[in-house]
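Numbering (the numbering used here), first residue to last: 1073 to 1609. Idealized CB from N, CA, C, for every residue including glycine.
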């Protein structure tokens, strides 16, 4: 047992109401009083302070007295500590008892009461994490929210430092901030960093670190308030990823993509495609969001401006033209939408500007081709009058109209006289000229409401719409008159035979109507042939 020169001192040591222990340089327990034995629950084979106090704290004691032991007077080493076998916090006060032949220390442990018990009680109830640490980051106290955030029990977290729980690169970045805070008490810093959960995963937190001084020990401490911002960081990362994806897509599409505030004059983003379509730098728009209007065709500029910059427009889809100095024209489709938040407030506008010049050109080409195709279908390529398909459609419509209105119409069937002999004698070129002459003769001798068509070969029809019986002889007389033969070989005279049938209730179909007209034509042709033969004899 350790002995001093004063029996009174030893008696005081034994009867002291606080735990006291005498320790040598090696941390071996030389003697402890009853309060200490109850606190430490000292076992016979546990005679070293390392079993009850962190080695880091005891090493700090040794270093302290190595520095101050040469001084005539010195303050005891004082620190707030958490014992490994107790959940309570103590003021750990160490004094040098003897230095010969080696240093002997006397330690007194006083139960630590927070500087502001009301604040401590409030911290216990706070939903945010709160921790008090010393300058090395060792925990002095933590509230339940801090423990729950990291998944630790109170006794599990005590051997660790706050930096042990911090992701290593974040800890290295924060340590200089903590050191600077120690030198300028009263300041505060804020940092977002990653804690390591007991299960191993990372948690993003926002910490507010303040420097405080313990009134019992005059020791610098740090009060750390911790907010869990993991979901916020995940959302930020999702937004950042979404923005990267949006830019990757927007910068590779062939349309101009733009985003503005609710006020369209506040432009947030325009992709580089503007350079290509408008043939000017996109930076122009950031200086003046209305600059794109300058190249719009003057007749369409006002429409484009009122649509794009109207406060009442929720969505739009308009077309206009760009006019360039060299006379070139581009067709643009301007479309977009307004985006609203959950409260129905307009937050931004997004739109696209697409060069549809090729689409317009293709559409025009299709229209022209369709017109040509329609002409090919509806008009005979040789004579220019209606084709068999087209004239048959007109005949069918006239028949159906008569069925509903009894409106009179006459169908005239026409055949070229001696066409086969002309074709065989003079060739197809002359034959074609004959057919063209007949077609020209027919169209020049009918009314605007009538229509002529080529059935095939040397056969034609004329549909006389809305024709009264009294008008028929006059029209037929004009059709039977001599046909101009200019451009034909000498001796080639063109004449036609025709037969007319007025539409009546006896006709039961358009086909019958055509057939009856054909029969009538051939009857007239035979009659004329007989007359010519009889004149010769």
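First through last residue of the beta strand (DSSP E) which encompasses residue i
i: residue 1345; result: Element bounds for residue 1345: not the beta strand (DSSP E) but the alpha helix (DSSP H), 1345 to 1350.
i: residue 1101; result: 1101 to 1104
i: residue 1402; result: 1401 to 1412
i: residue 1211; result: 1211 to 1214
i: residue 1551; result: Premise fails: residue 1551 lies in the alpha helix (DSSP H), 1544 to 1552, not in any beta strand (DSSP E).
Exposed unless 16 or more other CB atoms sit within 10 angstroms - verdict on residue i
i: residue 1190; result: Reliability fails at residue 1190, whose pLDDT of 43 lies under 50, so the model's placement of it is uncertain and the value that follows must be treated cautiously. Answer is exposed; the Cβ neighbour count stays below 16.
i: residue 1615; result: There is simply no residue 1615 to check, as the chain begins at 1073 and stops at 1609 in what is shown.
i: residue 1425; result: buried
i: residue 1404; result: buried
i: residue 1462; result: buried
i: residue 1084; result: exposed
i: residue 1250; result: buried
i: residue 1497; result: exposed
i: residue 1561; result: exposed
i: residue 1408; result: buried
i: residue 1575; result: buried
i: residue 1329; result: buried
i: residue 1361; result: buried
i: residue 1400; result: exposed
i: residue 1092; result: buried
i: residue 1229; result: buried
i: residue 1147; result: exposed
i: residue 1310; result: exposed
i: residue 1449; result: exposed
i: residue 1164; result: buried
Cut-off 7 angstroms between Cβ atoms - residues of its own chain near residue i, not counting five sequence neighbours on either side
i: residue 1366; result: none
i: residue 1269; result: 1222, 1223, 1275
i: residue 1347; result: 1353, 1354
i: residue 1372; result: 1392, 1393
i: residue 1142; result: none
i: residue 1528; result: 1460
i: residue 1259; result: 1253, 1283
i: residue 1212; result: 1152, 1154, 1161, 1204, 1205, 1206, 1293
i: residue 1358; result: 1339
For residue i, three-class secondary structure by DSSP
i: residue 1601; result: helix
i: residue 1202; result: strand
i: residue 1341; result: strand
i: residue 1416; result: coil
i: residue 1590; result: helix
i: residue 1353; result: coil
i: residue 1508; result: helix
i: residue 1498; result: helix
i: residue 1292; result: strand
i: residue 1284; result: strand
i: residue 1569; result: strand
i: residue 1170; result: strand
i: residue 1383; result: coil
i: residue 1251; result: helix
i: residue 1563; result: coil
i: residue 1124; result: coil
i: residue 1154; result: strand
i: residue 1487; result: strand
i: residue 1455; result: coil
i: residue 1395; result: strand
i: residue 1584; result: helix
Which residues DSSP lists as bridging residue i, in chain order
i: residue 1085; result: The partner list for residue 1085 (beta bridge, DSSP) is empty, contrary to what the question assumes.
i: residue 1390; result: 1406
i: residue 1423; result: 1330, 1408
i: residue 1276; result: 1266
i: residue 1149; result: 1166
i: residue 1092; result: 1180
i: residue 1526; result: 1532
i: residue 1482; result: 1536, 1574
i: residue 1679; result: Since the displayed the chain opens at 1073 and closes at 1609, residue 1679 lies outside it and no answer follows.
Cβ-based neighbour list, residue i, same chain, cut-off 6 angstroms, excluding 5 preceding and 5 following
i: residue 1377; result: 1365
i: residue 1567; result: 1489
i: residue 1452; result: 1459, 1526
i: residue 1149; result: 1133, 1136, 1166
i: residue 1531; result: 1487
i: residue 1178; result: 1094, 1167, 1169
Alpha helix (DSSP H) segment containing residue i, residue limits
i: residue 1434; result: 1429 to 1450
i: residue 1307; result: 1302 to 1322
i: residue 1367; result: Premise fails: residue 1367 is in no alpha helix (DSSP H) and is neither H nor E.
i: residue 1137; result: 1127 to 1140
i: residue 1474; result: 1460 to 1477
i: residue 1208; result: Taken as a continuous stretch (DSSP letters only), residue 1208 belongs to no alpha helix (DSSP H), as it is neither H nor E.
i: residue 1229; result: 1226 to 1229
Heavy atom of the ligand ZN within 7 angstroms of residue i beta-carbon
i: residue 1337; result: The ligand content of the structure shown is nil, which means the ligand ZN is not present either.
Same chain, Cβ closer than 8 angstroms to residue i, five either side skipped, listed in chain order
i: residue 1238; result: 1246, 1265, 1266, 1267, 1268
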